[in-house]
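Read through the structure below, which is laid out as structure tokens, and then see the notes.
There are 2 protein chains.
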Amino acid sequence: MDYQEAKDKFISTWGSLGSLWGINKAMAQIQALLFISTKPLSMEEIMEDLKISRGNTSMNLRQLMDWGIVTKTLVAGERKEFFTTEKDVQELARIVAKERSRREIKPVIKVLEEVSSIENDGTEKTKELIKQTKALHELTETMDVMINKLVDQKQNWITKSVLKLFK
Amino acid sequence: MDYQEAKDKFISTWGSLGSLWGINKAMAQIQALLFISTKPLSMEEIMEDLKISRGNTSMNLRQLMDWGIVTKTLVAGERKEFFTTEKDVQELARIVAKERSRREIKPVIKVLEEVSSIENDGTEKTKELIKQTKALHELTETMDVMINKLVDQKQNWITKSVLKLFK
DNA sequence: ACAAACTTTCAATAATTACTGAAAGTTTAA
DNA sequence: TTAAACTTTCAGTAATTATTGAAAGTTTGT
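So the protein sequences, as listed, match chains L and U.
Mapping the first sequence onto our numbering, position 128 (from 1) lands on 128, and the numbers just tick up by one.
Mapping the second sequence onto our numbering, position 16 (from 1) lands on 183, and the numbers just tick up by one.
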């Protein structure tokens, strides 16, 4: 496998994996491209490399910036904008975890809270609804807390703290 | 908010959340319906309650069974099949985590392994590709190990072991 | 103030993914 | 063995989501 093959394989795998961490294909591919690039890339270069349109590139770069994963960089003497991504995988993981918690988990917790606190009219089905949504609420909240604690650890929590705990 | 409202809200929220744990809307809704039901439900009842077609119900029930989340139950004196879901949230979380690891994370780890072991021809870009995919490989593998360790704990790992660690 | 260089927006379109419903298949009771 | 009761399959269609490309918008140098 030569460089080009390896690069393509990485970008396409990472792209199709997008769904796992909650973003779309183009977004994941742009991030992947930047992640293995040795220098900031312009919109032009990204479009050409991934064979996607200008509009698509622009919109997905914006989203990546919203997530805080990609930043604009100025390159001396160049007028156009260049982009780079966070290169540290741990920091990347932290950003993604935090964003997903905020965007997806938190709203669910809110609904589970609401649903599980309806008035208990004593019927079987109401009791079951309350019981089960409460259990789900508790689980979801615990996982969310866990994710955010992990994410707040600034050092390599993953290799240090966690692994040894489950030895 | 009365029972029906609460029920609908729960099912639709859980349904749209499907993407978070990697399954589609109908599948998540069926699971949600069974999760708060006080008794096993037939295909007929599921179709009616969720207003989805017979075919859709059948296919999604099969998928839920493939995941190991839903099981067929025989109801005495009834000819048709009835379905129930795992009612314990912790066991549910365990099943989902294990399945996602197997279906999604493991294959990615394999690709990252391949890509990160291409021959180092000494060029800048090859070195960067190797370095970055290696870092990603390590991270992904560690998370996968972590998930599987968590998942193997048969007791309420979540409240006990984990929370206190990140106090 | 102008225009070149560049970026963003968004309506139209394409690609993907989910859903339906009827036909084919299977199981069970008599 | 038959037929009623039930389940599965799958081609066609609908719904959703992603992408394009050209027009509108913005910025910068002169």
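Note that the Cβ used here is the ideal one computed from N, Cα and C, for glycine as well.
Computed from a predicted model, the values in this text were never measured in an experiment.
Using a Cβ-Cβ cut-off of 8 Å, Met194(U) is close to nothing in chain L; its nearest Cβ partner there is about 15 Å away. Under the Cβ criterion of 8 Å, Lys7(L) is counted among the residues facing chain U.
The Cβ of Ala76(L) sits no closer than 8 Å to any Cβ of chain U. Rounded to the nearest whole angstrom, the C-alpha separation of Lys265(U) and Met143(L) is 16 Å.
From the beta-carbon of Lys292(U), the residues of chain L found nearer than 9 Å are Tyr3, Lys7, Ile36, Ser37, Thr38.
Residue nearest to Glu78(L) within the set Met43(L), Ile130(L), Gly18(L) is Met43(L) (criterion: CA-CA distance). Look at Thr140(L) here: in three-state DSSP terms it is helix. Interface annotation, Ile95(L): not in contact with chain U, CB-CB separation never under 8 Å. Between Val151(L) and Thr180(U), the CB-CB gap reaches or exceeds 8 Å. Per the C-alpha coordinates, the member of Lys134(L), Lys80(L), Glu48(L), Val96(L) positioned closest to Ala28(L) is Val96(L). Annotation: the continuous beta strand (DSSP E) that includes Val70(L) extends over 70-73. Counted as a single uninterrupted DSSP element, the beta strand (DSSP E) harbouring Thr251(U) occupies residues 249-252. A straight-line Cα-Cα distance of about 11 Å links Ser58(L) and Met65(L).
The alpha-carbon of Lys239(U) is positioned some 25 Å away from that of Ile130(L). Within the same chain, Cβ atoms closer than 7 Å to the Cβ of Phe10(L) are found at Ala32, Ile36, the five residues on either side in sequence being excluded. Taking 8 Å as the CB threshold, Thr13(L) lines the interface with chain U. Across the region 134-147 of chain L, CB contacts with chain U closer than 8 Å involve Ala135, Leu136, Glu138, Leu139, Thr142, Met143, Val145, Met146, in sequence order along the chain. In the structure shown, Ser58(L) adopts helical secondary structure according to DSSP, grouped into three states. For Leu41(L), DSSP records a beta bridge to Phe83(L). In this model, Ser268(U) and Ala76(L) are separated by some 44 Å (Cα to Cα). Under the 8 Å criterion on CB atoms, Leu217(U) is classed as non-interfacial with respect to chain L. It is roughly 11 Å from the alpha-carbon of Glu248(U) to the alpha-carbon of Glu212(U). Secondary structure at Ala243(U): coil, using DSSP grouped into helix, strand and coil.
When DSSP states are grouped into helix, strand and coil, Asn148(L) belongs to the helix group. The DSSP-derived three-state label of Lys298(U) is helix. Between Thr252(U) and Lys125(L) the beta-carbon gap is near 16 Å, outside 8 Å, which marks them as no contact. Distance from the CA atom of Glu308(U) to the CA atom of Tyr170(U), rounded to whole angstroms, is 44 Å. Distance between Lys294(U) and Val111(L), taken at the CA atoms: about 47 Å. Separation of the CB atoms of Val282(U) and Ala6(L) is rounded to 5 Å, and the pair is thereby assigned contact status at 8 Å. Short of 8 Å from the beta carbon of Glu113(L), and not among the five residues preceding or following it, lie these beta carbons of its own chain, in chain order: His137. Annotation for Leu201(U): Leu208, Val237, Phe250, Thr251, Thr252 place their beta carbon closer than 7 Å to its own, counting only its chain and skipping 5 residues before and after. Against chain U, a Cβ distance below 9 Å from Gln132(L) picks out Phe177, Phe202, Ile203, Lys254, Val256. Within chain L, the residues Met1, Asp2, Tyr3, Glu5, Ala6 have their CB atoms less than 9 Å from the CB of Ile285(U), given in chain order. One Cα belongs to Asn223(U), the other to Met214(U), and the distance between them is close to 9 Å.
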